[in-house]
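Numbering (the working numbering), first residue to last: 389 to 1016. For glycine and all other residues, C-beta sits at the position ideal for the given N, C-alpha and C. Predicted, not measured: the structure shown is a model, and the values here were computed from it. Down below is the structure, laid out as structure tokens.
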Ligand SMILES: [Zn+2]
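So, in structure tokens, the structure goes:
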């Protein structure tokens, strides 16, 4: 695959690709523009034609043509590759043609099935009437192409066979079940009427296959690019013999297409193919559970909405949503049981640094009911604006947990609220809420801080669990810039300048020992280069370096281009700047090392190790002399 990526890259020019989205201006050897990924007034978005990369020194976004396209078009890596391969005229062969054609076959079968279900809905007026009664309009039903699966064992199967599909192909689509799967189902529904109905059916026909979806409202599920990959079927009781709750439980209120080559319910968000452009523009996503809530919301002009289908929120979903915006509004039912069920979703979203809000609907109502009952469209539109931040929501809840006039009550409030504080990633947020709860329960903040330290969060590792296989671009770049220690920032700047001006090599070499470990390897490579030309991209490739090192050197070279321009503007010479940076770096690193020795001295003192202590003091003094 890698060589194909290289081939695509070699055939396309990054300036041309990015130039189609952003107005680029020539700036020396590079191009610059206002960054499309964050708001800014002066350009810090730089594109390098020689290195074929882009980097924003404002928000940290950066990478190659693939990264750029993924970010700007909100695509998956594979999709970006496909698009650029088309543009470059490169034929992709990384997926075996056999798998590709199997996938295409399933999509074709789903396509035909959707048409079939749509027809059945047209022919079954009582189902349509039911949908109207639930509040859906005709145009919504048409737009989202809802359908109906007959109360029949083989109507879809025989339709698809008539359409020319082979039984084994149909089985792969998950739309039919093979008899071999039956024993397990049989035990589950042993004493329902369905069981005998099913057995009678088998006596009549002895085909091995039967329809998965029977007597159900059918919602087609599309992936982000609009391919139909599966279905959700909601039980329709009007015509079905199933009347008791037990019967319904036996067959499932909702049934999804099982996992297939093209469908994985933990990765599908209902409606995304239609709403993705709105998620970008409106900078928040309303997440609901189930198709009815989604459709009613969409109909009520809430366009930045998606729904999970028969699964709770997964890290895959969050990774997808993160590409569009950072605010997640949960439209779940948040009564006590609902809150507990939603807690994991909330934790996952917070761990991914989403700004989480809660939609407040009156008790026990889901979004669909709320919209159906609310006559004023303005009130519905305002709903999202009134969503409250998750911590405010928890704080309100905390106030109801106990009566703060008693110690017991205070304890209850604190033990409900502190774990929520613990999960906050940002220390300022933590401090803010700790202060707030401290004032509310009137308990000293230091006592609460101690308590907070004692709390162990069960799944501290939630971020790693089920992480998508690839995350080509991530917000990691941004946080790493913000959290980089000062010595590393200084060191990187010096290296960046060095790449531009080799005459400074000796001075840097003298101070090599002050560079932090994280970048010492890169410094060594740069110092060992003979000519600036050695660090040009084509020559870097020859040096047999790790990809991440090459990326880093390219980024630093671009940083130098960017900063040199500033130095010129402010009339500062590069040599002066490097000298100043070197002395800053030296000071910073000596301080860090002295701090470490101080700690060791204290330890030696504690252990009454006099000799070690004297050695350490000597080292400390030596370091101080280096600063003179
Ligand atoms: Zn930016």
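On the CB-based measure, 16 or more other CB atoms within 10 Å of its CB, does residue 489 come out buried or exposed?
The residue in question, residue 489, is exposed, as its Cβ has fewer than 16 Cβ neighbours within 10 Å.
Per DSSP, what are the beta-bridge partners of residue 797 in this structure?
Answer is none; residue 797 lacks a bridge partner.
Roughly how many angstroms separate the alpha carbons of residue 465 and residue 459, rounded to a whole number?
Near 10 angstroms, if we compare the C-alpha coordinates of residue 459 and residue 465.
Nearest-angstrom Cα distance between residue 565 and residue 676?
Cα to Cα, residue 565 sits roughly 30 angstroms from residue 676.
Note the first and the last residue of the continuous beta strand (DSSP E) segment covering residue 743.
Counting along the chain, the beta strand (DSSP E) containing residue 743 begins and ends at 743–746.
Could you check whether the Cβ of residue 532 sits closer than 7 angstroms to any heavy atom belonging to ligand 1?
Checking the Cβ of residue 532 against ligand 1 gives no.
Could you pull out every residue in the same chain whose Cβ sits closer than 8 angstroms to the Cβ of residue 714, ignoring the five residues on either side in sequence?
Cβ neighbours of residue 714 beyond the five flanking positions: 671, 741, 742, 743.
Between the C-alpha atoms of residue 779 and residue 491, what's the straight-line distance to the nearest angstrom?
Approximately 44 angstroms between the Cα atoms of the pair.
Quick check: the Cα distance between residue 640 and residue 699, rounded to an integer number of angstroms?
So the alpha carbons of these two residues sit roughly 13 angstroms apart.
For residue 884, tell me which candidate among 941, 819, 800 has the shortest Cα-Cα distance.
Closest option to residue 884, Cα to Cα, is 941.
Would you say residue 454 touches ligand 1, meaning its beta carbon is less than 7 angstroms from a heavy atom?
Checking every heavy atom of ligand 1 against the Cβ of residue 454, none is found closer than 7 angstroms.
Between the beta-carbon of residue 695 and the beta-carbon of residue 621, is there less than 8 angstroms?
The answer is no: Cβ separation not under 8 angstroms.
Can you have a look at residue 759 and say buried or exposed, based on whether 16 or more other CB atoms are within 10 angstroms of its CB?
Its Cβ being crowded by 16 or more others within 10 Å, residue 759 is buried.
For residue 548, which residues from the same chain have a beta carbon less than 6 angstroms from its beta carbon, with the 5 sequence-adjacent residues on both sides left out?
The residues are 558.
Assign residue 893 to one of three DSSP states: helix, strand, or coil.
Here residue 893 sits in helix by DSSP.
Taking 6 angstroms as the limit, name every residue whose beta carbon sits nearer than that to some heavy atom of ligand 1, in sequence order.
Spelled out in chain order, the answer is 423, 425, 426, 433, 444, 446, 447, 449.
Residue 611 to residue 951, Cα distance in whole Å?
One C-alpha to the other measures close to 43 angstroms.
Would DSSP call residue 599 helix, strand or coil?
Strand at residue 599.
If you follow the beta strand (DSSP E) that residue 644 is part of, which residue opens it and which one closes it?
Segment 642–644, the beta strand (DSSP E) holding residue 644.
Classify residue 650 as helix, strand or coil using the three-state DSSP reduction.
Reduced to three states, the DSSP call for residue 650 is coil.
With three or more C-beta pairs closer than 8 angstroms as the rule, is the stretch 644–655 touching the stretch 726–739?
Output reads no: the stretch 644–655 does not touch the stretch 726–739.
Just how far apart, CA to CA, sit residue 560 and residue 467?
Their Cα atoms are separated by approximately 24 angstroms.
Can residue 544 and residue 607 be called in contact, C-beta distance under 8 angstroms?
Not in contact: residue 544 and residue 607 (Cβ atoms no closer than 8 angstroms).
Let me know the alpha helix (DSSP H) ranges lying completely inside the stretch 394–442, each 4 residues or longer, listed in chain order.
Segments of the alpha helix (DSSP H) lying fully in the stretch 394–442: 402–407.
With residue 1056 as the anchor, note down where its beta strand (DSSP E) starts and where it stops.
What the structure shows of the chain is the stretch from 389 to 1016, and residue 1056 is not part of that stretch, so it cannot be assessed.
Please name the residue in 819, 732, 723, 753 whose C-alpha comes closest to that of residue 784.
Residue 723 is the option with its Cα nearest to residue 784.
Does DSSP put residue 712 in a helix, a strand or coil?
Correct three-state label for residue 712: coil.
Going by C-alpha to C-alpha distance, which of 414, 790, 454, 501 sits closest to residue 398?
Comparing Cα-Cα distances from residue 398 to each of 414, 790, 454, 501, the minimum goes to 454.
Within the continuous beta strand (DSSP E) that includes residue 665, where are the two ends?
Careful: residue 665 lies outside any beta strand (DSSP E), inside the alpha helix (DSSP H) at 660–670.
Can you check DSSP and say which residues form a bridge with residue 451?
Partner(s): 442.
Among the residues of its own chain, which have a CB less than 7 angstroms from the CB of residue 776, if the five just before and after it don't count?
So the qualifying residues of the chain are 745, 746, 748.
Which word fits residue 958, buried or exposed, when buried means at least 16 other C-beta atoms lie within 10 angstroms of its C-beta?
Answer is exposed; the Cβ neighbour count stays below 16.
Output the distance between the C-alpha atoms of residue 788 and residue 801, rounded to the nearest integer angstrom.
C-alpha separation (whole angstroms): 8 angstroms.
Would you kindly report the start and end of the unbroken beta strand (DSSP E) that includes residue 676?
673–677 is the span of the beta strand (DSSP E), which, as asked, contains residue 676.
Is the distance from the Cβ of residue 461 to the Cβ of residue 446 below 8 angstroms?
No. Outside cutoff.
Closer than 8 angstroms by C-beta to residue 624: which residues in its own chain qualify, once you throw out the five before and the five after it? Chain order, please.
Only 515, 518, 536, 603, 604, 605 meet the Cβ criterion.
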